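A short worksheet on the structure shown next.
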Amino acid sequence: MASKDLDFSAILDVAALKHECDLVFQGDGKRVSDVRSDLLPIFKKASNDGRQRARDLLDSEGGGIDCARRISWLQDRLIEVLYDLACQYVYPKDAPHIAITAVGGYGRGTLAPGSDIDLLFLLPLKNTPDMHKAIEFILYILWDVGFKVGHATRTVDECIKLSKADMTIRTAILEMRPICGKKSLADELERRFETEVVTSSGPEFIAAKLAERDQRHRKAGDTRYLVEPNVKEGKGGLRDLHTLFWIAKYYYHVRDTAELVKLGVLSRSELKLFEKADDFLWAVRCQMHFITGKAEERLSFDIQREIAAALHYQPRPGLSAVERFMKHYFLVAKDVGDLTRILCAALEDRQAKDVPGLSGVLSRFAHRLRKIPGSTEFVEDRGRIALANADVFRNDPVSLIRLFHVADINNLELHPDALRVVTRSLGLINHELRENEEANRLFLAILTSKRDPALTLRRMNEAGVLGKFIPEFGKIVAMMQFNMYHHYTVDEHLIRSVAVLSEIEKGQAIDTHPLVNQLMPGIEDRDALYVAVLLHDVAKGRQEDHSIAGARVARKLCQRFRLSTKQTETVMWLIEQHLLMSMVAQTRDLHDRKTITDFADKVQSMERLKMLLILTVCDIRAVGPDVWNGWKGQLLRTLYYETELLLSGGFSESSRKERAKIARQRLYDALDDWGQKARRKYINLHYDAYLLSVALEDQIRHTRFLREADKQEKALATMARTHSFHAITEITVLAPDHPRLLSIITGACSAAGANIADAQIFTTSDGRALDTILINREFPIDEDETRRANNIGKLIEEVLAGKKRLPEIIATRTKSRKKSKTFNIPPSVTISNGLSNKFTVIEVECLDRPGLLADMTAVLADLSLDITSARITTFGEKVIDTFYVTDLFGQKVMTENRQSNIALRLKAVMAEQEDELRDRMPSGIIAHPDVAALPAARTAKV
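Residue numbering for the sequence shown follows our numbering, starting at 1 and increasing by one per position.
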């Protein structure tokens with residue numbers, strides 16, 4: 001790779017180091033072990049000081065490759081001095097006959113601060129035991145200093161033989177670089193490797209490297225838009241750049257990427273892009289290693305802010321410094337993808353020309369181009385769409401959009417050469433093309449395609465066309481949100497949302513989303529829905545509310561797409577309200593009539609309700625894996641049915657009362673192995689709210705659980721089950737109802753180290769509480785996780801029975817708890833008497849931490865507030881918890897002084913400040929050990 005001359009003198013004074021080492025060998029009769037002990041501090045200091053100087057220069061100058069070259073140079077000199085010592089003092093007869101070479105990444109002359117040092121020791125055909133001992137002398141000191149050394153000791157013959165059989169060894173030797181020692185050995189290996197291994201094996205090597213890349217991508221997440229990317233192994237990372245260089249070096253026989261310009265493979269601007277991407281990724285990787293003190297390759301939230309500061313990123317309106325840094329990272333990762341496509345296109349073209357003789361003629365005949373019906377601009381080449389001639393886009397820029405439309409309707413892949421021309425023609429996408437009626441018609445057809453619209457949109461985005469054609473979308477390309485809730489960049493999230501919508505429309509979501517699967521065929525205006533789904537987050541990163549700003553952006557784009565006034569209004573409303581249904585379903589009591597009437601007032605029509613539900617499902621599903629779960633689906637369905645009843649004037653498919661009756665009958669029918677008397681008794685223990693919001697499968701489990709507890713005369717009982725697919729474990733608690741019950745249960749979970757993700761709180765008609773707590777899964781194996789859940793359940797029972805005291809257990813766990821410094825969410829408390837006709841609604845928002853819910857519910861209990869229902873909602877690192885409360889007399893909290901006191905006490909808990917009243921919290925026994933075993937009917941009220 002092209003590199004400028006660097007001054008390394010500040011990194012290490014080689015002569016001084018050599019002189020200091022020479023002094024160690026002064027005197028007679030010194031053993032090798034003594035010498036090693038004396039050399040160790042000298043080399044440690046030289047390494048640490050040199051690395052620190054490299055870090056200082058990185059901080060001041062910012063050159064990533066320069067930093068990696070400085071550390072590589074430092075490592076070379078340390079090894080060189082060690083080799084000289086072995087030759088001069090330790091094994092003077094044999095050591096001079098070996099060669100030390102750098103291979104792998106180190107062979108390129110670049111090295112990250114914490115990376116492995118890959119060495120190949122070359123021996124002559126006739127070697128001696130002392131040669132091996134000389135190598136051991138060098139290795140032992142390198143290991144003692146703390147370096148992770150990967151090494152091999154071989155003859156040239158062995159290297160050639162192994163590289164023919166093993167692609168990993170072949171790649172390592174491809175980048176071999178002599179460091180010191182007998183240069184003739186390294187020269188011989190380089191010459192023989194080129195003639196005996198590389199020659200005529202180019203296609204094989206390329207296929208192996210690209211397959212290896214694809215496998216690596218799958219392992220790392222198969223998208224370059226994960227918000228915690230792997231800088232080395234991830235898609236668009238350093239390894240992808242290195243793969244390009246390996247392929248170029250192997251196939252084109254070049255030693256520097258600059259030579260690819262002379263060969264016509266890359267343009268000068270593309271070479272500049274390659275060098276800038278390489279330098280940036282090296283800067284990030286070196287900073288990661290320096291900051292963490294280890295070979296950390298995952299750019300996690302914990303270090304993103306610190307690296308952004310180290311690389312001198314500054315905040316801008318709507319984007320923090322860390323978000324600007326990460327956007328730059330993802331744009332660079334995208335550039336790496338562009339370069340990959342360009343090189344692959346050049347390789348394919350070169351290989352096609354290189355096939356000789358009759359084989360070449362037959363190959364070209366078999367692979368002849370075919371016409372595509374209805375298209376003169378494009379042709380088919382082995383299942384891929386290609387350009388009929390190189391001037392297609394220059395002659396008609398609309399073809400830049402038409403290419404993707406024709407590929408979609410003919411189910412064709414995109415030829416890499418066509419994509420290369422697209423990338424180089426992006427300048428043709430100007431205001432005139434954006435306003436072109438045909439171009440916008442084609443784009444809308446792509447977006448609303450009944451085949452695979454997300455695939456085509458992703459291809460357009462990868463090629464840079466989508467962001468140029470819709471500049472508002474271009475602003476959110478590669479934009480990340482610095483939180484743990486969103487797993488992808490904003491553009492990737494929007495495209496995945498469209499993918500979910502397409503899946504729903506094809507009827508592929510019947511098991512996961514039965515209601516939206518049923519509603520989708522009846523949607524009157526699918527075009528408006530698809531546009532709203534694609535654009536719902538298009539205004540992220542602005543200073544104002546992205547929902548309101550997004551609606552304004554949508555108005556302008558809908559006019560461009562030639563949507564009607566009614567369609568435009570629908571899209572604008574959906575975008576402005578796209579968070580409404582999710583927030584109401586997850587943070588409000590859906591069995592409080594005021595919740596439903598307020599929501600219905602905003603929605604106003606059944607068509608809007610259906611479209612908003614579908615958009616909400618698409619939005620949540622596209623956030624990331626494991627964000628969607630059955631509980632969220634149940635909440636959304638409940639909100640839909642309750643609102644449908646109001647909007648249709650009472651003529652719903654089934655009223656609330658009727659649905660509760662049907663649900664009760666279904667539960668009755670499901671318990672067909674019980675007698676009629678038992679069935680009637682237990683189905684009548686559940687209120688309508690429970691029957692309408694809990695799945696039948698869970699109702700059956702709960703009811704059997706209730707009956708079993710009664711048979712065993714238990715007032716307190718727990719049961720657990722795991723959900724491996726959702727990474728959630730469920731613990732159900734049966735206990736006498738009590739104002740402090742939720743506080744005690746959540747406290748026990750906290751004491752057991754369990755982080756609560758959700759909680760469902762219900763009361764039976766005989767005065768017992770049936771609470772279900774969802775905790776984050778800890779163990780991958782079900783048996784281990786079930787054992788853990790049962791232990792937590794046992795602890796809950798023991799605390800509720802007074803066998804263990806909660807304050808002491810919690811105190812032992814919180815001593816070592818560290819406060820997260822990665823995210824900063826100011827604690828917020830909102831107290832409202834307008835959201836419910838019967839209850840005061842307390843909504844809190846803050847940074848999540850283990851034990852937070854236990855602390856908050858304890859404070860509410862201390863304040864003599866009765867929690868009637870609660871919604872526990874986690875958005876990554878942020879929680880929004882909503883409590884519906886009354887005072888001990890069943891009334892709302894009306895006085896301002898009391899509301900202020902509640903807010904102050906909750907904020908103190910959220911900020912983890914000392915709270916004397918909280919520290920005096922009683923253990924909260926609600927069933928004495930002697931009482932806990934009595935019949936449930938006699939202990940229902942305590």
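Each residue gets a CB set at the ideal place from its N, CA and C atoms; glycine is no exception. Source: prediction; values computed, not measured.
Pair within 9 Å by beta-carbon distance, residue i and residue j
i	j	result
Cys-21	Ile-100	no
Thr-772	Glu-730	yes
Leu-519	Ile-614	yes
Asp-49	Leu-6	no
Val-553	Leu-534	no
Ala-321	Tyr-313	yes
Tyr-252	Leu-260	yes
Ala-695	Gln-634	yes
Asp-589	Val-841	yes
Val-864	Asp-887	What sits at residue 864 in the sequence shown is Ser, not Val. Yes, the Cβ-Cβ distance between Ser-864 and Asp-887 is below 9 Å.
Asp-59	Ala-258	no
Val-90	Val-149	no
Ile-831	Ala-908	no
Ala-754	Asn-776	yes
Ile-470	Arg-434	yes
Asp-525	Gln-567	yes
Arg-704	Leu-671	yes
Leu-800	Ala-735	yes
Ala-854	Gly-747	yes
Pro-229	Leu-319	no
Leu-400	Ile-372	no
Contact belief for residue i with residue j at Cβ below 8 Å, rounded distance in angstroms
i	j	result
Gly-550	Ile-575	5 Å
Asp-967	Leu-580	In the structure as shown, the chain starts at 1 and stops at 942, and residue 967 therefore has no counterpart that could be examined.
Leu-691	Leu-706	Wrong, their Cβ atoms sit about 14 Å apart, outside the cutoff.
Ile-97	Leu-119	Inspection of the sequence shows that residue 97 is occupied by His rather than by Ile. Not quite, the Cβ-Cβ distance comes to about 17 Å (not below 8 Å), so this is no contact.
Leu-612	Val-603	7 Å
Glu-233	Glu-296	Actually they do not touch by this definition, with Cβ atoms about 12 Å apart.
Tyr-488	Val-733	In fact, because the Cβ distance is near 36 Å, the residues do not count as touching under 8 Å.
Ile-173	Val-103	6 Å
Leu-455	Leu-447	That belief does not hold up - the Cβ atoms of Leu-455 and Leu-447 are roughly 12 Å apart, past 8 Å.
Met-480	Lys-327	7 Å
CA-to-CA distance, residue j to residue i, given in whole angstroms
i	j	result
Lys-833	Cys-846	Residue 833 is actually Asn in this sequence, not Lys. Rounded to the nearest angstrom, the two C-alpha atoms are 21 Å apart.
Val-81	Leu-111	18 Å
Leu-414	Trp-631	40 Å
Arg-665	Ile-683	As written in the sequence, residue 665 is Gln, which differs from the Arg given in the question. C-alpha separation (whole angstroms): 9 Å.
Val-490	Gly-474	11 Å
Asp-76	Phe-43	13 Å
Pro-41	Val-35	11 Å
Ala-186	Gly-264	31 Å
Ala-308	Leu-281	13 Å
Gly-62	Ala-283	7 Å
Phe-378	Pro-203	28 Å
Ser-267	Leu-774	56 Å
Glu-275	Arg-451	39 Å
Leu-331	Ala-346	23 Å
Ala-277	Lys-334	10 Å
Per-residue burial, residue i [other beta carbons within 10 Å of its own, 16 or more giving buried]
i	result
Ala-169	The sequence shown places Ile at residue 169, not Ala. With 16 or more other Cβ atoms within 10 Å, it is buried.
Glu-797	buried
Glu-653	The pLDDT assigned to Glu-653 is 48, lower than 50, so where the model puts this residue is not dependable; a value taken from the coordinates is nonetheless given after this. By the 10 Å Cβ count, Glu-653 comes out exposed.
Met-176	buried
His-546	buried
Leu-17	buried
Thr-376	exposed
Trp-143	exposed
The stretch 495 to 508 contacting the stretch 411 to 425, beta-carbon criterion three pairs below 8 Å: no
Segment contact flag, the stretch 702 to 712 with the stretch 743 to 750, C-beta cutoff 8 Å, min 3 pairs: no
At least three beta-carbon pairs within less than 8 Å, the stretch 876 to 887 to the stretch 844 to 859: yes
The stretch 149 to 158 in contact with the stretch 181 to 193 per 3-pair CB rule at 8 Å: yes
The stretch 107 to 126 touching the stretch 63 to 76, judged by at least three CB pairs closer than 8 Å: yes
At least 3 beta-carbon pairs within less than 8 Å: the stretch 521 to 530 vs the stretch 395 to 413: no
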